[in-house]
Structure formats: C-alpha cells, structure tokens
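Residue numbers (numbering that gives the first Met the number 0): 0 to 296.
To start, the structure under review is shown below, and the notes come after it.
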Amino acid sequence: MTTSYRGDEENRELVGMLRAAGPVTVHLDVGRGTKLRVARFSAPRLETGATVTLGSEPGCDLHLERPLGVELPVDTVLYLGDSDAVLRVGSRKGEEYSCSVTAGGRATPGKAITAAGIDLGLGTVNAMNEADFATAGELGVEYAMVSFVRSAADIDRCRALLPPEVGISVKIETREAVEDLDAIVAASDVVVIGRGDLALQCGPEHLGLLQWRIAEASAAAGKPFVVATQVFESVLGRAVPNRAELHDLAAAAALGADEVMFGPETCKNPHQVEAMAAAQHVLDTVSASGVRLRVDR
Numbered sequence: 000m001t002t003s004y005r006g007d008e009e010n011r012e013l014v015g016m017l018r019a020a021g022p023v024t025v026h027l028d029v030g031r032g033t034k035l036r037v038a039r040f041s042a043p044r045l046e047t048g049a050t051v052t053l054g055s056e057p058g059c060d061l062h063l064e065r066p067l068g069v070e071l072p073v074d075t076v077l078y079l080g081d082s083d084a085v086l087r088v089g090s091r092k093g094e095e096y097s098c099s100v101t102a103g104g105r106a107t108p109g110k111a112i113t114a115a116g117i118d119l120g121l122g123t124v125n126a127m128n129e130a131d132f133a134t135a136g137e138l139g140v141e142y143a144m145v146s147f148v149r150s151a152a153d154i155d156r157c158r159a160l161l162p163p164e165v166g167i168s169v170k171i172e173t174r175e176a177v178e179d180l181d182a183i184v185a186a187s188d189v190v191v192i193g194r195g196d197l198a199l200q201c202g203p204e205h206l207g208l209l210q211w212r213i214a215e216a217s218a219a220a221g222k223p224f225v226v227a228t229q230v231f232e233s234v235l236g237r238a239v240p241n242r243a244e245l246h247d248l249a250a251a252a253a254l255g256a257d258e259v260m261f262g263p264e265t266c267k268n269p270h271q272v273e274a275m276a277a278a279q280h281v282l283d284t285v286s287a288s289g290v291r292l293r294v295d296r
C-alpha cells in the first residue's frame, strides 16, 4: 500500500481490512517526492518528431510539478513514465528546456520523468515523505518500502525515522544502488527489484542479469527477495496473462523470490481476481515442483 494516493485515515481502514482478511505482511510505500512528475501537458499526446518545452514555468508544454534541481546536458534522454514516451534535450533558456520527441505516446498528468544516467537530486527522504515514516509506525505495518536508495547511508537515515518494530524493504532501482548492492542488502530487511526504473537507469538489456545478481546477493545475506513491475501487465487489456508473463513469474519463483508485487494489475484491472488466481496457481505449481534455479541461499 502507498501514501501517495490515500490519506492516513483511508490507509488505517485499509490496514484493518487486510488484517481481517487473514495473516498478511504489509509494506507501506513511502516513496512520495522521490520522482519528478509532470503536473500537466499542453496536449493529450506527444507526437514523434515534435519539439516540446519542459520546465516548471506555466507556459511549458510539459509543466513540471516543481523545478528541476539539476541542469540537464544537451542530448540527455528523458523517459516519460515507463518509457511511455521518450524525449531528448536540445537547448535550454532559463529554467525551460526545448526537447525533441523521439518516441511519442500518451501524455497523462502525474507521469514521472526519468533522466537516463542522471540523479535529479530528489533524495530517498524529502519534505514530501518524511512524515510518512512515522505513519508507518502508527499504522502498524511490518515494513516501510523506500525508493531510489543510492547507498547504505540512505537506509540508515530512513531507519532513524522509523520505530524499531518497523522494518525496511528497499527498492533496488538506481545505478548507484547496483554499485553498492552488497552494503545495501546487508543494511535492509527485505530487498525489492524495482524493474521499471532499474531498466531505465541501467538499460533494459541488463535487467535479466541484474535480477539474477540481486537475487543472489539477497540469498547470500539471508534477506527476502521481492520481484516487482510489469509482472502481469497484459491483463489490463485481457483476462488471461500472456505466455511471456507466465514464464517470467515462474522464473522469478524458481529464482527464489519470496514475494511478487503487483501494481496496476490489481488497482486498474477489471480482471484482477482472475489475474491473482492465475498468479497464485503459477507460484503453487513452481513451489510443488521443487525446481530451483542456481542461487545459493
């Protein structure tokens, strides 16, 4: 569950519903403010080949919710959402950037902007989410899930804001986190591979190997390992997951994943019950088979 779209009272009611449903482990995502988002667009779609302006000034085609904290070099690649559209930085005038659209797509307010290879300086803890760490304790969840960690020191700072009974689940989704992986895994309680941003930061061609590496590091440290992002995303438009997704889920389970995290598959999906039943069937089948890919645990 997340603090981004619900108030404290709504989250309190949700925790009560989850506890009533049976024995569950609850993670509270405290990632507010760790992404830079587009507040509004001048058009409902970005067209390939078009030139658009980006910035926090009111007249920009892509009006950011707050100013950029860093300067973007020319030719910086910008991803809108999970590669829903791709831009390339051309020139800058004051706080406004002129960008070419290299891959068009829908322009939906609230989508995040990711700059390939550039830390936008938003921080794991910021003014928007600092109070959410205390909320995790008040709600009685087992874990606070932290985003865009770049070093073990980030985890230490988060832990200082949490009551001792709340653990930390850490999303591995930045290039810096991969570079400091062993120390981050050692400092965390649960390890989550955030495949969406990790692919944008490190390149999609590296994602499969990185998932394997993170699974091995988690196993070696005795830490639970969670796979997240686009697990069953095809069910947003159909009732049955596609074959690649079924294989991906089975491979994650055989790799030793302790949990699988779903997103829009369960909150924007008319087939959510059927999708979760299919996922559970895959996980039960792999578990019963005894098949395990080589990961030392």
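Ideal Cβ positions, reconstructed from N, Cα and C, are used throughout, including at glycine.
In the DSSP assignment, Glu12 falls within the unbroken alpha helix (DSSP H) covering Asp7 to Ala20. DSSP, reduced to helix, strand and coil, places Arg91 within a strand of the structure shown.
In the three-state DSSP reduction, Leu138 falls in the helix class (H, G or I). Of the residues Gln229, Ala185, Gln279 and Ile192, the one whose Cα lies closest to the Cα of Ser82 is Gln229. His280: member of the alpha helix (DSSP H) spanning Gln271 to Ser288, first to last residue.
Put simply, the segment 10 to 28 does not touch the segment 77 to 94. Fewer than three CB pairs are less than 8 Å apart.
Secondary structure at Cys98: strand, using DSSP grouped into helix, strand and coil. Taken in chain order, the complete alpha helix (DSSP H) segments of 4 or more residues contained in the segment 188 to 245 are 194 to 201 and 206 to 220. Annotation for Glu46: no alpha helix (DSSP H) segment contains it, and DSSP assigns it neither H nor E.
Taking a cut-off of 8 Å on C-beta distances, the segment 173 to 193 touches the segment 140 to 148, as three or more cross pairs fall below it.
In the DSSP assignment, Val177 falls within the alpha helix (DSSP H) that extends over Arg174 to Glu178. Our two residues, Ala186 and Met260, have alpha carbons roughly 21 Å apart in a direct line.
Taking a C-beta distance under 8 Å as the contact criterion, Val190 and Phe231 do not qualify as a contact pair. In the DSSP assignment, Thr113 falls within the unbroken beta strand (DSSP E) covering Ala111 to Ala114. Inter-residue distance for Arg212 and Asp28 is about 24 Å (C-alpha atoms, whole angstroms).
Residue nearest to Ile183 within the set Asp155, Glu95 and Gln200 is Asp155 (criterion: CA-CA distance). For Glu258, the enclosing beta strand (DSSP E) covers residues Glu258 to Met260. Leu77 carries a strand assignment under DSSP once its states are collapsed to helix, strand and coil. Close CB contacts of Ala42 within its chain, under the 8 Å cut and outside five residues either way in sequence, are with Asp60 and Ala106 (chain order). Secondary structure note for Ile154: it is in no beta strand (DSSP E), and the uninterrupted alpha helix (DSSP H) holding it is Ala151 to Ala159. The continuous alpha helix (DSSP H) containing Cys266 extends over residues Pro263 to Cys266.
DSSP places Leu27 in the uninterrupted beta strand (DSSP E) bounded by His26 to Asp28.
Going by C-alpha positions, Val69 is about 42 Å away from Met16. Exposed is the label assigned to His246, since fewer than 16 other Cβ atoms lie within 10 Å of its Cβ. For Val51, the beta-bridge partners assigned by DSSP are Cys98. Per the coordinates, the alpha-carbon of Ala115 lies some 15 Å from the alpha-carbon of Leu121. As the crow flies, the alpha-carbon of Gly54 is around 30 Å from that of Phe132. Val85 sits in a strand when the DSSP states are folded into three classes.
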